[in-house]
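Heads up, the thing below is written out as structure tokens.
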Amino acid sequence: MPNLAHAAAGVEEIGTSLTNAETPISDLCKKVGSTLLFVVLAVCGIYNFLGQEWTRKAKGMAISGVIGTGVIYNLFALRDFVTGLFGG
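Under UniProt numbering, the sequence shown has 7 at position 7, and the numbering climbs by one with no breaks.
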């Protein structure tokens, strides 16, 4: 009969290792996401002074930037949701 307590401890160690590895990646993604949102909004502000056609493009860029930043900030929560949803 296999030692299930030892196997459970190994699974717990893997989960802890993954959490320790994901935390710096999550922080880096959030820093990059907030920086890119600032750049997109700054470019959109400049585009607003270039005329109506450019203003339309700026609105699309701003909306895309906000949605992209929201996805980046919630990336790991979305991953956990999808994993839990499909039982992976």
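Beta carbons are placed, not taken as given, at the ideal position from N, Cα and C, and that holds for glycine.
A quick note: this is a predicted structure, and the numbers were derived from the prediction, not measured.
For the 8 Å Cβ check, are there 3 or more pairs between the stretch 73 to 85 and the stretch 49 to 62?
-> no
Where does the unbroken alpha helix (DSSP H) through Leu78 begin, and where does it stop?
-> Sequence index remark: in the sequence shown, residue 78 carries index 78 (1-based). Leu78 -> alpha helix (DSSP H) spans Leu75 to Phe86.
Among Ile25, Leu85, Trp54 and Ala42, the one whose alpha carbon lies nearest that of Val66 = Your numbering for residue 66 matches position 66 in the sequence shown. Answer by Cα proximity: Ala42.
If you draw a straight line from the alpha carbon of Gly45 to that of Leu37, how long is it in whole angstroms?
-> Taking the first residue of the sequence shown as position 1, residue 45 is located at position 45. Taking the first residue of the sequence shown as position 1, residue 37 is located at position 37. Going from the Cα of Gly45 to the Cα of Leu37 covers about 12 Å.
Exposed or buried, which one is Val32 when buried takes at least 16 other CB atoms within 10 Å?
-> Sequence index remark: in the sequence shown, residue 32 carries index 32 (1-based). That one is exposed.
Which whole-angstrom value is the C-beta distance of Phe86 and Glu22, which I expect to be below 8 Å?
-> Translated into positions along the sequence shown, residue 86 becomes position 86. Translated into positions along the sequence shown, residue 22 becomes position 22. With 8 Å as the limit, Phe86 and Glu22 do not qualify as a contact, their Cβ atoms being about 19 Å apart.
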